[in-house]
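Just so you know, we're using our numbering here: the sequence shown kicks off at 1 and counts up by one.
We put the beta carbon where it would ideally sit given N, CA and C, even for glycine.
Note that this is a predicted model, so its numbers are computed, not measured.
Since the structure comes first, as structure tokens, the remarks are kept for the end.
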Amino acid sequence: MSYRKKLILALDVSSEDRALEIVDMLSDYVDIFKVGFELFSGAGFSVIEKIHKRGKRVFLDLKFHDIPNTVSRAASLITQLGVYMFNLHASGGIEMMLRCREAAINTSEKIGIPVPKIIAVTVLTSLTSEILKEELSIAHGVKGHVKTLASLAKRAGLDGVVASCHEIGLIKKACGADFIVVTPGIRPSWTPPDDQQRTATPREAIRQGADYLVMGRGILRHPEPLKAVELVSIEMLTG
Ligand code: C5P
């Protein structure tokens, strides 16, 4: 897979105009754009349609976490938008994930479009084992918890998970090489960690076997975002 197919650009801005400006600017380098809470709250669904009209794919990152009925109904609506990928929290449990997948498959079949890839968030890359233990009373650490949640997502028939670079090996071992790992927390040498804790460079993520790298600030806060994408792509290609 070429680097273009592996790099997901996080459109973490609040207006549709700015988001589309970024899509147009990086169009030659990026095929998948991520619409998350910020942009979705600021611009709504219409931005997704406009990204699609530009021939690009959308990863809708709304991280669903609710009762199975609510999540499956939302999944059905999201599927109708024709997004390439969307996500939910594995910690919502297996029933929530199963119902979500079923809704996405049924809706896709009904309207004759490809089934979106459904990806489960394991442990956010902004969390550490200490935070899990001290704030959430989860004692078995990040790696143990990621493995538990990834295995649950696999059992529910989902396509893969979101996890940091540091857990890719254990996920592939537990769930198989085809089970997709989407990796945020990517920090090239020129970027500060910001609020991310379990970070890695683009090269490390590729070496560990990441299927997709999600990058936001490392590219968008660079004085020359195009230059930043070029540098990241070189790292990914020469990994
Ligand atoms: O700016 P940065 O590269 O840290 O952005 C990472 C993006 O990936 C953000 O949009 C964030 O919401 C998203 N993300 C994440 N950790 C997850 C899931 C998604 O950082 N576990």
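Between I186 and M215, the C-beta gap is smaller than 7 Å, which places the two residues in contact. Between the alpha carbons of A177 and S76 lies a distance of about 28 Å. Taking C-beta atoms under 8 Å as the contact rule, L132 and V142 qualify, at a distance of about 6 Å.
Judged by beta-carbon spacing, T183 lies beyond the 7 Å limit of L149, meaning their Cβ atoms are not closer than that value. Within the chosen limit of 6 Å, the ligand C5P does not reach the beta carbon of M85 with any heavy atom. In this structure, the ligand C5P has no non-hydrogen atom nearer than 6 Å to the beta-carbon of T183. The secondary-structure analysis by DSSP pairs K5 with nothing; it has no beta-bridge partner. Shortest gap from the CB of Q197 to any heavy atom of the ligand C5P: 6 Å or more. Looking only at I94, E38, T107, R18, the smallest Cα-Cα distance to A153 is reached by I94. I67 sits in coil when the DSSP states are folded into three classes, being neither helix nor strand. Per the coordinates, the alpha-carbon of A104 lies some 20 Å from the alpha-carbon of S46.
The beta carbons of D159 and V181 sit no closer together than 7 Å. Within the same chain, N87, L88, H89, V121 come within 7 Å of K63 by CB-CB distance, once the 5 residues on both sides are set aside. For the 7 Å CB-CB criterion, L7 and V30 form a contact.
As the crow flies, the alpha-carbon of E38 is around 11 Å from that of L60. In this structure S72 is buried. Its beta-carbon is surrounded by 16 or more other beta-carbon atoms within 10 angstroms. According to the DSSP assignment, G55 belongs to no alpha helix (DSSP H), since it is labelled neither H nor E. The Cβ-Cβ distance between P116 and V83 falls below 7 Å. Here S164 is buried. Its C-beta has 16 or more other C-beta atoms within 10 Å.
Its Cα nearest to that of I168, the residue G209 stands out among A200, G209, I118.
I234 and V162 have their alpha carbons spaced roughly 23 Å apart.
Not a single heavy atom of the ligand C5P lies less than 6 Å from the C-beta of L7. Cα atoms of E134 and K53: separation of roughly 46 Å, rounded to the nearest angstrom.
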